[in-house]
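Following: one structure in structure tokens, then a few remarks.
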Amino acid sequence: MMATEALAGAQAGRARADKLRKLASQVPRWGVVIFFLVISLFPAVYMVLVSLMTTQTLFEARLFPWPLRWQNFVEAWVSAKIGILYWNSFYISTVSVILTLVVCAPAGYGLARVEFLGRGLLFNFFLLGLTLPVSTSLLPLFFNLKALGLMNTPFALIGPYTGFGISFGIFILKGFFETLPRELEEAARVDGASEFRIFLQVMLPLTRPAVATVSIFLFLTNWNEFIFALTFITEPLRRTLPTGIYSLSGQEFYGNYPTLAAALVVFSIPIIVLYFIFQSQFIEGLTAGAVKQ
Amino acid sequence: MAASSSALVRTVADRKRNLRRNFTGYLFVLPALVVYCAFVVYPTIYTLALSFFRWTGMTPQWGPFVGLGNFAATIADPVFWTSIRNNVQFVLVRTPVEVGCALVLAVLLSTAMRGWRLWRTLLFVPVVLSLVAVGLVFERLFEASTGVLNVFLNAVRLGFLAQQWLGDPDVALWSVTAVSIWKNIGFSMVILLAGLQSLSKEVLEAAKVDGAREVQVTLYVIIPMLRPVIAIATVLSVISGLKVFDLIFIMTQGGPLYSTEVPMTLLYRYAFTFNVMGQAAAVVVLQAIVIMIVSWLQLRFVRGEVG
Numbered sequence: 148m149m150a151t152e153a154l155a156g157a158q159a160g161r162a163r164a165d166k167l168r169k170l171a172s173q174v175p176r177w178g179v180v181i182f183f184l185v186i187s188l189f190p191a192v193y194m195v196l197v198s199l200m201t202t203q204t205l206f207e208a209r210l211f212p213w214p215l216r217w218q219n220f221v222e223a224w225v226s227a228k229i230g231i232l233y234w235n236s237f238y239i240s241t242v243s244v245i246l247t248l249v250v251c252a253p254a255g256y257g258l259a260r261v262e263f264l265g266r267g268l269l270f271n272f273f274l275l276g277l278t279l280p281v282s283t284s285l286l287p288l289f290f291n292l293k294a295l296g297l298m299n300t301p302f303a304l305i306g307p308y309t310g311f312g313i314s315f316g317i318f319i320l321k322g323f324f325e326t327l328p329r330e331l332e333e334a335a336r337v338d339g340a341s342e343f344r345i346f347l348q349v350m351l352p353l354t355r356p357a358v359a360t361v362s363i364f365l366f367l368t369n370w371n372e373f374i375f376a377l378t379f380i381t382e383p384l385r386r387t388l389p390t391g392i393y394s395l396s397g398q399e400f401y402g403n404y405p406t407l408a409a410a411l412v413v414f415s416i417p418i419i420v421l422y423f424i425f426q427s428q429f430i431e432g433l434t435a436g437a438v439k440q
Numbered sequence: 055m056a057a058s059s060s061a062l063v064r065t066v067a068d069r070k071r072n073l074r075r076n077f078t079g080y081l082f083v084l085p086a087l088v089v090y091c092a093f094v095v096y097p098t099i100y101t102l103a104l105s106f107f108r109w110t111g112m113t114p115q116w117g118p119f120v121g122l123g124n125f126a127a128t129i130a131d132p133v134f135w136t137s138i139r140n141n142v143q144f145v146l147v148r149t150p151v152e153v154g155c156a157l158v159l160a161v162l163l164s165t166a167m168r169g170w171r172l173w174r175t176l177l178f179v180p181v182v183l184s185l186v187a188v189g190l191v192f193e194r195l196f197e198a199s200t201g202v203l204n205v206f207l208n209a210v211r212l213g214f215l216a217q218q219w220l221g222d223p224d225v226a227l228w229s230v231t232a233v234s235i236w237k238n239i240g241f242s243m244v245i246l247l248a249g250l251q252s253l254s255k256e257v258l259e260a261a262k263v264d265g266a267r268e269v270q271v272t273l274y275v276i277i278p279m280l281r282p283v284i285a286i287a288t289v290l291s292v293i294s295g296l297k298v299f300d301l302i303f304i305m306t307q308g309g310p311l312y313s314t315e316v317p318m319t320l321l322y323r324y325a326f327t328f329n330v331m332g333q334a335a336a337v338v339v340l341q342a343i344v345i346m347i348v349s350w351l352q353l354r355f356v357r358g359e360v361g
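Listed in order, the protein sequences are those of chains L and Y. The first sequence lines up with residues 148 to 440 when you count with the working numbering. The second sequence lines up with residues 55 to 361 when you count with the working numbering.
So, in structure tokens, the structure goes:
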């Protein structure tokens, strides 16, 4: 009796000790993850904190802004004309994504479903664009745009962004079309629908997930794109946000870091919001081709 | 007789259908092909051709054909070799640290860590941020006298570690590399996580039942099985490292004293400061060749070991 109780007590004690040890073994694990979390998020948080500081708080190297200076956002938006750059960025990024999708959807369908001569070769030809660095097109595009008088127009960026989105768009959309069941188009074909009607009315509506992945990835790429925008747009008010803010950082924003930070916050918000809503598409888009291919 | 004529009719009909199918196929692909050729293929060929000519970019016509002269001039430029050395150092430091940290995080998150999806989401945030925002914020953090990093180091009595993070030629490349690592850990981590999730649960469970401890399981079971995915993450990191431009252009513009110059910033200088377009094109060609070779290696990893 006594012995069993003692045994039970000992067992309970051991169980508790096990539990404690398990908990203790979790400590270094959490320590590492929390360390990386802090490092990963600190700069973004700091950017937000600075955007609310006065320059004096900033130069005292304090972390927390007090008093809060919301005026920074007004200054960034109004006097630095971030609003105009915002519109440029939004317009150029969106139109490019739409154009890429308009040409990639039929191409993806054709490459996946129409058995024509040389389609394997064509697909590989399109994939080549995934590995080519953008620098291969930088100089020719610059000189041709200049010769055609298209520098400093939205087309100077919409064209290249559309073109450079194609490899990725076809890669994702073709892969997706291949996963759709054949029965659907067979049924439509029996009903006498043409290839184009099958594509438009039967297949296209089913590709929403792939279209979402492509749009989100390309929008992110276009929104953040730097080197083309830096080279093809030289008039301050025709710039997009990344190069616009970058060049303002040496002029209007020089020595006025809180306003610059406010501009950066305003610039980053759409991407962060989109990211938290469409996480899985973001991650899928950014890592597609890495693990599959 | 009747049979052969019907066979003939069939082959004619077949051929007609084939032709039509080919035509339909090309019609579907045509718009994408046109845009792709205009903005990617044609410019690439143009660059390749330009690398054999001398041109200032100021005249409507290219200058004289110089054969491999541009490549010779580039190779003779000591700054070119500095830029190569910097880029190699950048990649050799960045990739192991990035993939190593990412591996630790991926293993920690995937082995039964509560709320791992949320942590993954948060750790991935640097990847989606613009390099302009990242570069300018870090420039501020690195500022020598009032930047948070040095102020913090002084406050915890590590003042001797404080540096001119971006102003000292011996330090600047390390600083930029650190920022690049910070930006990319989340990306490698997500690739490795996807690889970890594709490992069969049975293997991991079996290893645990055997009484192997977690660290041993990780070292001797998980990591060897993950090797192909680690290879992919490594190659992707190398390729993006070879293309580095934005971050360096924003933070240091290749300076101070060329200490952060890489081929991409050098080609920009060749083209838009020195107006030697042929030489800029030669740098592009050399860079593209290296990237193609590394990408080809990647394809071999992917096709040979995973798929």
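C-beta: ideal position from N, C-alpha, C; glycine also.
Q: State yes or no: is the beta carbon of residue 307 of chain Y nearer than 8 Å to at least one beta carbon in chain L?
A: In the second sequence, residue 307 of chain Y corresponds to position 253, counting from 1. Not one chain L Cβ lies under 8 Å of residue 307 of chain Y.
Q.
Please state the DSSP three-state secondary structure of residue 119 of chain Y.
A. What you label residue 119 of chain Y is simply residue 65 of the second sequence in a count that begins at 1. Here residue 119 of chain Y sits in strand by DSSP.
Q.
So for residue 192 of chain Y, helix, strand or coil by DSSP?
A. Working through the second sequence from its first residue, we reach residue 192 of chain Y at position 138. Looking at residue 192 of chain Y - three-state DSSP - the assignment turns out to be helix.
Q. Among all the DSSP beta bridges, which residues are the ones paired with residue 237 of chain L?
A. Numbered from its first residue, the first sequence carries residue 237 of chain L at position 90. Per DSSP, none; premise fails for residue 237 of chain L.
Q: List the residues of chain L that residue 139 of chain Y touches, going by C-beta distances under 8 Å, in chain order.
A: Here residue 139 of chain Y corresponds to residue number 85 of the second sequence, with the count starting at 1. The contacting residues do not exist; residue 139 of chain Y stays about 19 Å from chain L at best.
**Q.** residue 308 of chain Y versus residue 80 of chain Y - alpha carbon distance
**A.** As a position in the second sequence, residue 308 of chain Y is number 254, starting the count at 1. As a position in the second sequence, residue 80 of chain Y is number 26, starting the count at 1. Their backbone Cα atoms lie some 46 Å apart in a straight line.
(Q) Taking the straight line between their C-alpha atoms, what separation do you get for residue 70 of chain Y and residue 342 of chain L? (A) The residue labelled residue 70 of chain Y in the question sits at position 16 within the second sequence. The residue labelled residue 342 of chain L in the question sits at position 195 within the first sequence. Each residue's alpha carbon lies about 16 Å from the other.
Q) What are the start and end residues of the alpha helix (DSSP H) that includes residue 289 of chain L? A) Position 142 of the first sequence holds residue 289 of chain L. Per DSSP, residue 289 of chain L belongs to the alpha helix (DSSP H) from 282-294.
Q.
Against chain Y, with Cβ distances strictly below 8 Å, would residue 263 of chain L count as a contact?
A. Taking the first residue of the first sequence as position 1, residue 263 of chain L is located at position 116. Yes, residue 263 of chain L lies at the interface with chain Y (some Cβ there is under 8 Å from its Cβ).
Q | Residues, ordered as in the chain, of the segment 173-189 of chain Y that lie near chain A by beta-carbon distance below 9 Å | A | No chain A is present in this structure, whose protein chains are L and Y.
Q: Would you identify the three-state DSSP class for residue 299 of chain Y, choosing helix, strand or coil?
A: Numbered from 1 along the second sequence, position 245 holds the residue referred to as residue 299 of chain Y. The answer is coil: DSSP assigns residue 299 of chain Y none of H, G, I, E or B.
Q) Using 8 Å as the limit for Cβ to Cβ distance, is residue 414 of chain L near chain Y? A) Mapped onto the first sequence, residue 414 of chain L falls at position 267. Closer than 8 Å to some Cβ of chain Y, the Cβ of residue 414 of chain L qualifies, so yes.
**Q.** Rounded separation between residue 294 of chain Y and residue 354 of chain L - CA only
**A.** Position 240 of the second sequence, counting from 1, holds the residue named residue 294 of chain Y. Position 207 of the first sequence, counting from 1, holds the residue named residue 354 of chain L. Here the alpha carbons of residue 354 of chain L and residue 294 of chain Y stand approximately 30 Å from one another.
(Q) Classify residue 139 of chain Y: buried if its beta carbon has 16 or more other beta carbons within 10 angstroms, exposed otherwise. (A) Your numbering for residue 139 of chain Y matches position 85 in the second sequence. Residue 139 of chain Y is exposed by the Cβ-count criterion.
Q: Give the straight-line distance between the Cα atoms of residue 157 of chain L and residue 166 of chain L, rounded to the nearest whole angstrom.
A: As a first step, residue 157 of chain L must be located in the first sequence, where it is residue number 10. As a first step, residue 166 of chain L must be located in the first sequence, where it is residue number 19. Each residue's alpha carbon lies about 14 Å from the other.
Q) Which two residues bound the contiguous alpha helix (DSSP H) that contains residue 155 of chain Y? A) As a first step, residue 155 of chain Y is located in the second sequence; it is residue number 101 there, counting from the start. First-last of the alpha helix (DSSP H) with residue 155 of chain Y: 132-164.
Q. Can you tell which of L/186, L/316 and L/318 has its C-alpha closest to the C-alpha of residue 237 of chain Y?
A. As a first step, residue 237 of chain Y is located in the second sequence; it is residue number 183 there, counting from the start. Of the listed residues, the one whose Cα sits closest to residue 237 of chain Y is L/186.
**Q.** residue 438 of chain L to residue 283 of chain Y span [Cα, whole Å]
**A.** As a position in the first sequence, residue 438 of chain L is number 291, starting the count at 1. As a position in the second sequence, residue 283 of chain Y is number 229, starting the count at 1. Confidence at residue 438 of chain L is low in this model, with a pLDDT of 49, below 50, so its placement is unreliable and the value that follows should be read with caution. For residue 438 of chain L and residue 283 of chain Y, the distance between alpha carbons rounds to 7 Å.
Q.
At the 8 Å Cβ level, is residue 340 of chain L part of the contact set with chain Y, yes or no?
A. Position 193 of the first sequence holds residue 340 of chain L. Answer no: the Cβ-Cβ gap between residue 340 of chain L and chain Y never drops below 8 Å.
Q: For residue 222 of chain Y, decide whether its Cβ has a neighbour in chain L, counting only Cβ atoms nearer than 8 Å.
A: Within the second sequence, residue 222 of chain Y is the residue found at index 168, counting from 1. Using beta-carbon distances, residue 222 of chain Y does not count as an interface residue toward chain L, since no partner is under 8 Å.
**Q.** chain Y residues whose Cβ lies nearer than 9 Å to that of residue 168 of chain L
**A.** Along the first sequence, one-based indexing puts residue 168 of chain L at 21. Ordered by position in chain Y, no residue passes the 9 Å Cβ test against residue 168 of chain L, which lies about 12 Å from the chain.
Q: Grab me the residues of residue 320 of chain L's own chain with a C-beta within less than 7 Å of its C-beta, minus the 5 sequence neighbours each way, in chain order.
A: Against the first sequence, residue 320 of chain L aligns to sequence position 173. These residues qualify, in order along the chain: 251, 252, 255, 354, 357 and 361.
Q: Give a yes or no on whether the C-beta atoms belonging to residue 287 of chain L and residue 297 of chain Y are separated by under 8 Å.
A: Taking the first sequence and counting its residues from 1, the one referred to as residue 287 of chain L is at position 140. Taking the second sequence and counting its residues from 1, the one referred to as residue 297 of chain Y is at position 243. Against a cut-off of 8 Å, the Cβ pair of residue 297 of chain Y and residue 287 of chain L comes out as no contact.
Q. The alpha helix (DSSP H) with residue 355 of chain L in it runs from where to where?
A. Within the first sequence, numbered from 1, the residue matching residue 355 of chain L stands at position 208. Taken as a continuous stretch (DSSP letters only), the alpha helix (DSSP H) holding residue 355 of chain L covers 355-371.
Q: Assign residue 97 of chain Y to one of two classes, buried (16 or more other C-beta atoms within 10 Å of its C-beta) or exposed (fewer than that).
A: Walking along the second sequence from the start, residue 97 of chain Y turns up at place 43. Buried, by the Cβ-count rule.
Q.
Suppose contacts are defined by Cβ-Cβ distances below 8 Å. Is residue 190 of chain L in contact with residue 199 of chain L by that definition?
A. Counting from 1 along the first sequence, the entry for residue 190 of chain L is found at position 43. Counting from 1 along the first sequence, the entry for residue 199 of chain L is found at position 52. Going by C-beta atoms, residue 190 of chain L is not nearer than 8 Å to residue 199 of chain L.
Q.
Looking at the secondary structure, which residues open and close the alpha helix (DSSP H) in which residue 220 of chain Y lies?
A. The residue given as residue 220 of chain Y occupies position 166 in the second sequence. Per DSSP, residue 220 of chain Y belongs to no alpha helix (DSSP H) and is neither H nor E.
Q | Within 8 Å of chain L by C-beta, residues of the segment 222-247 of chain Y in sequence order | A | Listed by position, the residues of the segment 222-247 of chain Y near chain L (Cβ gap below 8 Å) are 236, 239, 240, 241, 244 and 245.
Q) Which residues, in chain order, does the segment 72-92 of chain Y contribute to contact with chain L at a C-beta distance below 7 Å? A) 75, 76, 78, 79, 80, 82, 83, 85, 86, 89, 90 and 92
Q. Is residue 142 of chain Y close to chain L, meaning its C-beta is less than 8 Å from at least one C-beta of that chain?
A. In the second sequence, the residue the question calls residue 142 of chain Y occupies position 88. It does not; no Cβ of chain L falls within 8 Å.
**Q.** 8 Å Cβ cutoff, residue 112 of chain Y in contact with chain L
**A.** Your numbering for residue 112 of chain Y matches position 58 in the second sequence. Judged by the 8 Å Cβ criterion, residue 112 of chain Y is not in contact with chain L.
(Q) Is there a Cβ of chain Y sitting closer than 8 Å to that of residue 235 of chain L, yes or no? (A) Along the first sequence, read from residue 1 onward, the residue named residue 235 of chain L stands at position 88. False, the Cβ-Cβ gap to chain Y never drops below 8 Å.
Q: Look at the alpha carbon of residue 339 of chain L and the alpha carbon of residue 332 of chain L, and state the distance between them as a whole number of angstroms.
A: Position 192 of the first sequence, counted from the start, is the residue given in the question as residue 339 of chain L. Position 185 of the first sequence, counted from the start, is the residue given in the question as residue 332 of chain L. Straight-line Cα distance between these residues: approximately 10 Å.
**Q.** Closer than 8 Å to chain L by CB, residue 70 of chain Y
**A.** Here the question's residue 70 of chain Y lines up with position 16 in the second sequence. Judged by the 8 Å Cβ criterion, residue 70 of chain Y is not in contact with chain L.
Q. Quick one: is residue 191 of chain Y near chain L, going by C-beta distance under 8 Å?
A. The residue you call residue 191 of chain Y lines up with position 137 of the second sequence. At least one chain L Cβ lies under 8 Å of residue 191 of chain Y.
(Q) Can you look up residue 302 of chain L in the DSSP assignment and give me helix, strand or coil? (A) To locate residue 302 of chain L, count along the first sequence from 1; it is residue 155. The answer is helix: DSSP assigns residue 302 of chain L an H, G or I state.
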